[in-house]
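Written out below as structure tokens is the structure these notes cover.
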Amino acid sequence: MNNADIAWMLVATALVLLMTPALAFFYGGLVRSKNVLNTMMMSFVALGPVAVIWALLGYSLAFAPGNGAIGSLAFAGLRGVGMEAHGAIPHLLFMAFQGTFAIITPALISGAVVERMRFNAYLAFILLWVVGVYAPVAHWVWGGGFLATMGALDFAGGAVVHVNAATAALVAAVVVGPRKDYGRHAMLPHNVPFAMLGAGLLWFGWFGFNAGSALSAGPTAALAFTNTLLAPATTLAVWTMFDLFRGGAATAVGAATAIVVGLVVVTPAAGYISPLSAIAMGALGAIPSYFALIYRAKTKLDDSLDVVAAHGLGGATGAILTGVFADAAWSGGPSGLIDGNPGQVLTQAASVLIVLAYSGGATFVILKVLALMMPLRITGRVEGVGLDVTQHGEEAYTAGDGAILVKPKEASIAHGVADVVVSESGGGL
Amino acid sequence: MNNADIAWMLVATALVLLMTPALAFFYGGLVRSKNVLNTMMMSFVALGPVAVIWALLGYSLAFAPGNGAIGSLAFAGLRGVGMEAHGAIPHLLFMAFQGTFAIITPALISGAVVERMRFNAYLAFILLWVVGVYAPVAHWVWGGGFLATMGALDFAGGAVVHVNAATAALVAAVVVGPRKDYGRHAMLPHNVPFAMLGAGLLWFGWFGFNAGSALSAGPTAALAFTNTLLAPATTLAVWTMFDLFRGGAATAVGAATAIVVGLVVVTPAAGYISPLSAIAMGALGAIPSYFALIYRAKTKLDDSLDVVAAHGLGGATGAILTGVFADAAWSGGPSGLIDGNPGQVLTQAASVLIVLAYSGGATFVILKVLALMMPLRITGRVEGVGLDVTQHGEEAYTAGDGAILVKPKEASIAHGVADVVVSESGGGL
Amino acid sequence: MNNADIAWMLVATALVLLMTPALAFFYGGLVRSKNVLNTMMMSFVALGPVAVIWALLGYSLAFAPGNGAIGSLAFAGLRGVGMEAHGAIPHLLFMAFQGTFAIITPALISGAVVERMRFNAYLAFILLWVVGVYAPVAHWVWGGGFLATMGALDFAGGAVVHVNAATAALVAAVVVGPRKDYGRHAMLPHNVPFAMLGAGLLWFGWFGFNAGSALSAGPTAALAFTNTLLAPATTLAVWTMFDLFRGGAATAVGAATAIVVGLVVVTPAAGYISPLSAIAMGALGAIPSYFALIYRAKTKLDDSLDVVAAHGLGGATGAILTGVFADAAWSGGPSGLIDGNPGQVLTQAASVLIVLAYSGGATFVILKVLALMMPLRITGRVEGVGLDVTQHGEEAYTAGDGAILVKPKEASIAHGVADVVVSESGGGL
Amino acid sequence: MKLIVAIIRPEQLSDVLEALFHADVRGVTISRVQGHGGEIEHVENYRGTSVKMALAEKVRLEIGVSNHFVQPTIDAILSAARTGEVGDGKILVLPIEKIYRIRTGEQDQDAVTPVHSDS
Amino acid sequence: MKLIVAIIRPEQLSDVLEALFHADVRGVTISRVQGHGGEIEHVENYRGTSVKMALAEKVRLEIGVSNHFVQPTIDAILSAARTGEVGDGKILVLPIEKIYRIRTGEQDQDAVTPVHSDS
Amino acid sequence: MKLIVAIIRPEQLSDVLEALFHADVRGVTISRVQGHGGEIEHVENYRGTSVKMALAEKVRLEIGVSNHFVQPTIDAILSAARTGEVGDGKILVLPIEKIYRIRTGEQDQDAVTPVHSDS
Ligand SMILES: Nc1ncnc2c1ncn2[C@@H]1O[C@H](COP(=O)(O)OP(=O)(O)O)[C@@H](O)[C@H]1O
Ligand SMILES: Nc1ncnc2c1ncn2[C@@H]1O[C@H](COP(=O)(O)OP(=O)(O)O)[C@@H](O)[C@H]1O
Ligand SMILES: Nc1ncnc2c1ncn2[C@@H]1O[C@H](COP(=O)(O)OP(=O)(O)O)[C@@H](O)[C@H]1O
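Line by line, the protein sequences are chains X, V, B, U, F and E. Read left to right, the first sequence gives residues 1 to 429 (this note's numbering). Read left to right, the second sequence gives residues 1 to 429 (this note's numbering). Read left to right, the third sequence gives residues 1 to 429 (this note's numbering). Read left to right, the fourth sequence gives residues 1 to 119 (this note's numbering). Read left to right, the fifth sequence gives residues 1 to 119 (this note's numbering). Read left to right, the sixth sequence gives residues 1 to 119 (this note's numbering).
Below, the structure written as structure tokens:
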């Protein structure tokens, strides 16, 4: 344990934490203004309840000694998570670092169900999901579970985070169903600069995500860092070229998306590949997501903010290419296809499929069980009014004048009205 | 002195500096659009004049060797503040770190007087305040003053920063008086996403605030860091529950507020308590602020952005609970009630009361003296027009078309007009 | 090579990367809403194509062993850029750090040509510029080139980055020509809070820029850091005073500008001067830029966002004052005028002039050659409509309702239309 | 010549525009407005403050038409904007005395007859 | 049937709405506009550029009323919107030829008679 | 008394305002609107979704004038707002029955005669 590694991991953890507000802006900028607070709250709420349940339960299931499938309750309630060394850093800092991953992963899913899922149902869903899906999958790869034993490589979470969240997103989009006007009306981003702010802060935070996954401030962190710079830069360059060749215009929404795709692609590989391979992966990784985005919009699948195309395809491509490009000369360990170990590609593909199968199945079960207890989505009329007003009782942007203060003396009456309106929304809108 | 600790403290200082722009957005999003620039400038201006006066004078009063009440002029003009070690880091880096605290603390006060205080009066006020109030209080606790001798615990500034600023805010709100339409018209946030951006960046920066207060990158920093993750997460979870149980809707403004409250609560305790206690403090700390916010809005006190409820009550609760939860097994030093030292609770309460008394009295005197020299607030008509136009001569959001350029040749005349308008605002609006 | 220095340089590199999105907001907030995406994309695109070409080619030209004028191709394609030590950090991390400088420098230029330059022409321009202008100039000062040999001091890029970019901006503003309504209509910032966000994040990132240029986490980094706090704070204080004395109102746009100017001024000096000198430089540096800004608006030079006044004058002032204030007692090396080495001022002035001459000439040639191949600016009618729609085919802020979805079946027809519109814009608008 | 002013729900705008285009109405000017009518008022909460939102988002359409176009235009709006719930809005018909096309200076009837353009 | 259009100061909006509700006017549509009149023009400064803001923020109310409601409506606005300083705004009264309620298709008088709703 | 409503291009607004001021028109209310007419529709792309932007940004001016001011006002707008390309907009002239100045309660003619103010 030494202060240099602690210093870096403190920063890395803070950086990853920032990614969740960043995601709130990335997603929030892309929805209509009547739904922006709801969309942002879908990320922000992960910073509260999800973080608490993770610290008290999820972390232990993922990282306490257990079997190949799941950890144990040894660390439940943070028992035994203290100042002692865990690698180069104190155990509780490792727990905090992992906590930031457990916060953002469920938040990623929200992109598939924005603008129509009921907030309470969403909150219940991600609480169950982080314990029931994220914790075991994290255990498989990083907690000494069977995917680790199998030799699957996932430096910072291509499968654990991105394929996992995107599969859940796909299932959730199908179970919750499309927005009522999907495919009928245009639903445009209300604030593209917010999406660009989100993309910029995500990139910044992602340095903590990837280079922090080295768990120390050594050369591996420097390698992961450099690759996290080069890969998305290349994806952005290639994406811009595609845009220019296809339609003649490089879009800002496209640029923000490209950055995220490039970051996703390099995530599983960051500490295993050479910088030149990172450039290659950034370029190759652009292709499936670019065309999937265009294709998806023509289908009936209302994956509203394209979690599947960006995180699912990006994560899977990255995971498999990790098996191609991993290079013992750089990683000091695992080799991939090019380095003479073709089997790694299959291991990688297998790990993707396993995560996909489990995440898809478990997400489906969670949502269907929840649907028995509460409606998952709002009604069509409420979609028209927007979720900010109906789910949160507030508006993102008010002109300020013309709202009538409910005076203390009238408060009881007004509260009556509020109760009507809100219980309506709390009920079954 | 070693590079690892320097590395962390460089980052921590940068993080705390970022909190002031973050605060500008947190506050700016909550006011009406005609006052957003004024509100943001109330924070930004602390980054300029306040920082300079702190470096040249305030720092010395707080941290140069002195007596129990105040430092000395030994470090005035940065004399003797150089590369030599101050603990694990160079002295001037310690000065810079402390400077970022001295910048944000007065900025916090502005939340109580937005939308009606004259900018010049505000600027004069915070300049006097940082020297006359912040510097001595910082000395008492961190500069070897009498509160330190008394054994008061304040890891990163529960009393020094939050109780101190909130008391000043309370006094300022009373002295300056409520906005003319307060309690008569609704005055709503013009941009809630800005407030959420502020909250997100504040959390991010607060890791530097709390974990940086360890002044090195050792295990104590890791502890403070982890607690700064867990406490606000819990506050947010509890706040969301309260919201859902009371009215049925979790609000975004509420979530942003909850994050800040949780951060405030854990600030005095961050490096002294176990992570589980941080969860407890986050939960307990939510209660007073939550209900105070609801109650305050029904009173005549126009503490416009609820500095008292969030920072005052949060800071006091945190300071006192530090006396309950401090744990020698984790802090390596002070113990609290649960750890068998019940007296600490009283010491903590005393320190809060002392800061409250001094800050309240001194703030009152400063404002009353200033009021003799210049009007503290704008006139009612100017409140209607908004402070951006009248205090700063600009607008936050312009449609762009329809403004008429003052041509160079007309510049002199126009300047005449400008002088009229502005001197009017510089005068006594 | 040690983990402490790596830890700091990882963070510093991430911080500098963040400056480019920050610049996008600083610039984007200051233009009209119909051009905000175009303006932001002018910065964002540097994160893609420019970063890639820098990694593959530019870095080698700047930093591979060569002669006094230019590096070599030894590091082209990242050959030989690996884990081996380069000072205290791995070579590839040094490359990444330098890459973030190469990204933001061309982006700075865009401020002079926003709201009328064609995006494709701009992209081609900065790609050529980063290789043909930035790489050699970086080599001269930091790659062991002739300015280094001459003894010119440029700690973090006063001449290399700011004078260089501002000279290019000046030439580009002249060659591209003013906006059609420049000097006739008022063109106001559409979102001043965005500009303040940009300024806040720029300051935050600039700590990485300046203190990171120490390339390790030692006392020099602490010195550069502290100076990067004090100088802009002083500039902001002085600027506010000027504003108050001249017109009676401290503006928010002015505050954001002052912060940037102060940062630019201290950049070449950060690690060479005492903190007190940083305060002096921050104060002195405010003067030329403050008055140049006011004067420029009355001229025919449509340097739209005042790159010349802020970065050019600020950079030159900073570079020359570095020759005045450099102090061996603090820098451990070079001395300036006050420290008994008057010649340094001349060396500094010479280095500014040389960069100015080369950058100006080379930029002119690049633009004139490009102009033979493609129009550099859009037509007047397109200026009216705005560049977001015409150059990028999207809008920053949409009301959401009223856009008509192009259904898959109509896609071919619609695509036809798109092609018309876009090829029109791709052609010669 | 009449000026038809319609206040509708924003979420019906796309449908109304399509209905108008089908009814051969090619010129329309819209603005984002807020309305108060018989709608249920939302109560919103901002920290401790409760407010009744007396105003709901609406869209206002303004269409200058020649007399024989009045009824088709109204019918198009009535059918496309109706949801049947309180708050659907109103249509007002005002007299116009004169109308000019700025581009050409043409007046009245000519001013609102669509010209051929290549879109 | 008349259309009453009033241009008022934004800060008077709440008062005007309350006055209208007291006068039993239940339907109103408002929009955020900018106006130029006799008001003092602000000069703003953006870096070196000085601009005269020729336009001040205003709110525009549009109220369709039956004839016997015209005077009470105007009186309500006149009293609630007046501050006595230049820039208080104007009220215009225009003739309406026809008015429809979109929800029901009701016309004229019926179209503006508030229905019972449970708010 | 007439109400002149003009829909113009936003980029012509400054010119139109100047022209109006030269024609001694001192009172005007403007709003940001969107219009559909014969303009070429832009197709925008957001990820895989293509949309036709049926609406273009316009500015709407509303000017209440006494009868002898109608023609000068219209002429001022026609000349300052014209670019000659499709999309320049329209001018409508509506009858006003009554006009009040809120500040004083003055009516009609008096209500629109500029008062002396020190700007
Ligand atoms: N008298 C009126 N004058 C102007 N606008 C009106 C009037 N009445 C209603 N409106 C507009 O129509 C909208 C819906 O009206 P409302 O009376 O609630 O609906 P409904 O016609 O279904 O009863 C209101 O929000 C308001 O914008
Ligand atoms: N002739 C007019 N036509 C349309 N709107 C007008 C007219 N005159 C004034 N207004 C509107 O009324 C507002 C206030 O008018 P102004 O003449 O300044 O006030 P007052 O009536 O107090 O003299 C202006 O900002 C403008 O929006
Ligand atoms: N009949 C109409 N009613 C209301 N607004 C109209 C009408 N026709 C056109 N407009 C407005 O005028 C703008 C320009 O009209 P358009 O017909 O395209 O131009 P032009 O008059 O040059 O042929 C439109 O965007 C719309 O805002």
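A virtual CB, placed ideally from N, CA and C, is assigned to each residue, including glycine.
Would you kindly check if the distance between the Cβ of residue j and the Cβ of residue i is under 7 angstroms?
i: ARG116(V); j: ILE378(V); result: yes
i: THR167(B); j: LEU356(B); result: yes
i: PRO268(B); j: PHE155(B); result: yes
i: GLU97(E); j: PRO95(F); result: yes
i: ALA62(V); j: ALA135(V); result: yes
i: PRO106(V); j: VAL137(V); result: no
i: ILE8(U); j: VAL16(U); result: yes
i: PRO275(B); j: LEU47(V); result: no
Is there a C-beta anywhere in chain F that falls below 7 angstroms from the one on residue i?
i: GLY360(V); result: no
i: VAL28(E); result: yes
With a threshold of 8 angstroms on Cβ separation, who are the neighbours of residue i within its own chain once the five nearest residues in sequence on each side are excluded?
i: TYR44(V); result: The amino acid occupying residue 44(V) in the given sequence is Phe; Tyr does not appear at that position. These residues qualify, in order along the chain: THR20, PRO21 and ALA24.
i: SER72(V); result: SER60, LEU61, ALA64, PRO65 and GLY66
i: ALA350(B); result: MET150 and ALA152
Starting from the C-beta of residue i, find all residues in its chain whose C-beta is less than 7 angstroms away, skip the five residues before and the five after it, and write them out in chain order.
i: ALA76(X); result: LEU56, LEU57 and SER60
i: ARG82(F); result: ASP88
Would you say residue i lies against chain B (beta-carbon separation less than 7 angstroms)?
i: HIS22(E); result: no
i: SER14(E); result: yes
If you measure from the beta carbon of residue i to each beta carbon in chain V, is any gap under 7 angstroms?
i: PRO219(B); result: yes
i: SER31(F); result: no
Excluding sequence positions up to five away, which residues of its chain have a Cβ less than 6 angstroms from the Cβ of residue i?
i: PHE364(X); result: VAL171
i: LEU162(B); result: In the sequence under discussion, the amino acid at residue 162(B) is His, which differs from the Leu named in the question. Closer than 6 angstroms at the Cβ level, and outside the excluded window around HIS162(B), lie VAL264, HIS311 and GLY315.
i: GLN107(E); result: TYR100
i: GLY445(V); result: With chain V covering 1 to 429 only, the question about residue 445(V) has no answer from this structure.
At a CB-CB cut-off below 9 angstroms, which residues of chain A make contact with residue i?
i: LEU405(V); result: Within the model displayed, chain A is absent; protein chains X, V, B, U, F and E are what it includes.
Does residue i get closer than 7 angstroms to chain X when you measure Cβ to Cβ?
i: GLU62(U); result: no
Does the beta carbon of residue i sit closer than 7 angstroms to a beta carbon anywhere in chain E?
i: GLY105(F); result: no
Item to check | Contiguous alpha helix (DSSP H) assignments of at least 4 residues, all confined to the region 24-62 of chain V | outcome: 36-44 and 49-53
Checklist entry - Curious, which full-length alpha helix (DSSP H) runs of at least 4 residues does the region 298-383 of chain V contain? => result 314-325, 328-331 and 343-373
Checklist entry - Counting pairs of beta carbons, one from the region 297-316 of chain V and one from the region 110-128 of chain V, are three or more of them closer than 8 angstroms? => result yes
Next on the checklist: I'd like the ranges of any beta strand (DSSP E) spanning at least 3 consecutive residues and lying wholly in the region 11-83 of chain F.
Outcome noted: 28-36, 42-46, 49-53 and 56-65
Item to check | At least 3 beta-carbon pairs within less than 8 angstroms: the region 179-188 of chain V vs the region 388-404 of chain X | outcome: yes
Next on the checklist: What ranges does the alpha helix (DSSP H) occupy inside the region 63-121 of chain B, keeping only unbroken runs of at least 4 residues that lie completely in it?
Outcome noted: 91-109
Checklist entry - Would you call the region 67-77 of chain F and the region 29-40 of chain E in contact, with 3 or more CB pairs under 8 angstroms? => result no
Checklist entry - Would you say the region 7-14 of chain V touches the region 208-219 of chain V, given that touching needs at least three Cβ pairs under 8 angstroms? => result yes
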